[in-house]
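S.K.: Residue 133 is where the sequence shown starts when you use the working numbering, and the numbers rise one by one after that.
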Amino acid sequence: MYECLFKRYKEQDPRTIFAHFGWRGDSGETWETPFQKLAEKAKHEDWDFQRPEFKRPGMSVPIIASYLNYTFIRLQQQTKVKFSADNSKACINTGLQTPEGKDLFATFYRNPNAVERDQPDWTLFGYFDAYSDKVREFEPLPDIATYVDDPSELVFDHRLELEVDYKHILTDNKDRLPAVLQGNAALARNAVEGAIRQLKERLKRNYKLAVPHWYNERIQLLLPLSITDDNAADVALVAEKDSVRKKYMVRTLLTMDMAYLDARIICAPDRDWLNP
133 MYECLFKRYK EQDPRTIFAH FGWRGDSGET WETPFQKLAE KAKHEDWDFQ
183 RPEFKRPGMS VPIIASYLNY TFIRLQQQTK VKFSADNSKA CINTGLQTPE
233 GKDLFATFYR NPNAVERDQP DWTLFGYFDA YSDKVREFEP LPDIATYVDD
283 PSELVFDHRL ELEVDYKHIL TDNKDRLPAV LQGNAALARN AVEGAIRQLK
333 ERLKRNYKLA VPHWYNERIQ LLLPLSITDD NAADVALVAE KDSVRKKYMV
383 RTLLTMDMAY LDARIICAPD RDWLNP
């Protein structure tokens, strides 16, 4: 099993990486170019963060890069990576579609000199839609990654209580709270408790506020916590359903960019509140 689809950090062992994603610096390309090419082929979607505080230097499509990596990890778990008959090529369903609604596939060729050159086993060849001759040898074409067996996991049940781990949220993750609260524990506690009371009432009236995301091999729900502005979420609470205790356990919170990256693994979330 590979740890990731492409290289994630400088000193990473090539044996833990599935594929090399090449780019040509002499032609003005950067390491992001292979992901920009996928974004250009897919239906239009905002693959960058909109808030200045979440934008990352030198990165224009961080969301699609993260999405593709975690999609591959799930496909690998589900044995949905397809190989050619001679095992010299590989193909995955990216889960994305062209503007015309055709599935997009990423294809790879085996690197014959991987061990000698200390490189990943595969190299990205390109992205092709379901009608391309480049994917004919993989028919039947590989399926998309799936995450949900029980659709009820995607819907917030307002009848269940929220049990909140305030210590972890206010102490261990205080740096994820709005800056105005980070230096005042008492103010932070009062503000967060008040925001959660309001959130409970909102969830009773609109269960669709809860956005599913995939983490640690399970579905959890992201809940918008509006602390400094009633009309905008500052952070997202992470709620995990405990069917035995009939509660949602809230043990942590995420910044909006972290929340969006996790939620996008399953589908493009509605940006009514999850809008980093």
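Heads up, the beta-carbon is just placed ideally off N, CA and C, and yes, glycines get one too.
Between which two residues does the beta strand (DSSP E) holding F237 run?
M.R.: Run containing F237: 235-242, per the beta strand (DSSP E) assignment.
S.K.: Drop a sphere of 10 angstroms on the beta-carbon of H176, count the other beta-carbons inside from all chains shown, and report buried for 16 or more, exposed for fewer.
M.R.: Burial call: exposed.
S.K.: Distance check for H300 and R308, CA to CA, integer angstroms please.
M.R.: Those two C-alpha atoms are separated by around 11 angstroms.
S.K.: Take K379 as the anchor and find which of F181, P166, E295, V343 has the nearest alpha-carbon.
M.R.: Nearest C-alpha to K379: E295.
S.K.: CB L353 to CB W405, shorter than 8 angstroms?
M.R.: Not a contact, by the Cβ cut-off of 8 angstroms.
S.K.: Of the residues E269, V287, F150, which one's Cα is nearest the Cα of D218?
M.R.: The candidate whose alpha carbon is nearest that of D218 is E269.
S.K.: Given M133, which residues of its chain have a CB within under 7 angstroms of its CB, disregarding the five upstream and five downstream residues?
M.R.: Excluding sequence neighbours, M133 sits near Q208.
S.K.: Would the stretch 222-241 and the stretch 256-275 be scored as touching if the rule is three or more Cβ pairs under 8 angstroms?
M.R.: Flag = yes, the stretch 222-241 and the stretch 256-275 touch.
S.K.: By DSSP's criteria, Q352 is part of a beta bridge. Which residues make up the other side?
M.R.: The partner list for Q352 (beta bridge, DSSP) reads H345.
S.K.: Under 8 angstroms by Cβ, that's how I've got S192 and D180 pegged, so tell me the actual separation to the nearest angstrom.
M.R.: That pair is a contact at about 6 angstroms.
S.K.: Among D374, R321, T255, which residue has its Cα nearest to the Cα of D289?
M.R.: Considering only alpha carbons, the answer is D374.
S.K.: Assign A443 to buried or exposed, taking buried as 16 or more other Cβ atoms, counted over all protein chains shown, within 10 Å of its Cβ.
M.R.: With the chain represented from 133 up to 408, any question about residue 443 goes unanswered, as that position is not in the structure.
S.K.: Which residue from Y279, P184, Y347, I359 puts its Cα closest to that of I328?
M.R.: Nearest of Y279, P184, Y347, I359 to I328, Cα basis: I359.
S.K.: Quick check: I196 and F153, are their CB atoms within less than 8 angstroms of each other?
M.R.: It is not a contact, given that the beta carbons lie outside the stated cut-off.
S.K.: Residues in the same chain with beta-carbon distance under 7 angstroms from T387, minus the five sequence neighbours each way, listed in chain order, please.
M.R.: Correct list, in chain order: R308, V367.
S.K.: Buried or exposed for L273, going by 16 or more other Cβ atoms inside 10 Å?
M.R.: Per the 10 Å Cβ criterion, exposed.
S.K.: State the start and end residues of the unbroken beta strand (DSSP E) segment that holds K115.
M.R.: With the chain represented from 133 up to 408, any question about residue 115 goes unanswered, as that position is not in the structure.
S.K.: Let me make sure I understand the geometry here. Which of E285, D389, H345 has the alpha-carbon closest to that of D397?
M.R.: The sequence shown places Ile at residue 397, rather than the Asp named in the question. For the residues E285, D389, H345, the minimum Cα distance to I397 belongs to H345.
S.K.: What does F215 pair with, by DSSP beta-bridge criteria?
M.R.: DSSP output for F215 lists A222 as bridge partner(s).
S.K.: Just to confirm my understanding: we take L369, look at its own chain, exclude 5 residues before and 5 after, and list those with CB closer than 6 angstroms. What are they?
M.R.: So the list reads L355, L357, V382, L385, once near-sequence residues are dropped.
S.K.: Give the list of continuous beta strand (DSSP E) stretches no shorter than 3 residues that lie fully inside the stretch 159-202.
M.R.: Correct list: empty.
S.K.: Can you tell me whether DSSP reads Q208 as helix, strand or coil?
M.R.: Helix, per DSSP.
S.K.: Is it right to say R371 is buried, meaning 16 or more other beta carbons lie within 10 angstroms of its own, or is it exposed?
M.R.: The sequence shown places Ala at residue 371, not Arg. The residue in question, A371, is buried, as its Cβ has 16 or more Cβ neighbours within 10 Å.
S.K.: Using DSSP's beta-bridge definition, name the partner residues of K373.
M.R.: The partner list for K373 (beta bridge, DSSP) reads Y380.
S.K.: Exposed or buried, what is N225 when buried is set at 16 or more other beta-carbons lying within 10 Å of its beta-carbon?
M.R.: With 16 or more Cβ atoms within 10 Å of its Cβ, N225 is classed as buried.
S.K.: Please classify G154: does DSSP put it in a helix, a strand, or coil?
M.R.: Note: G154 maps to coil in three-state DSSP.
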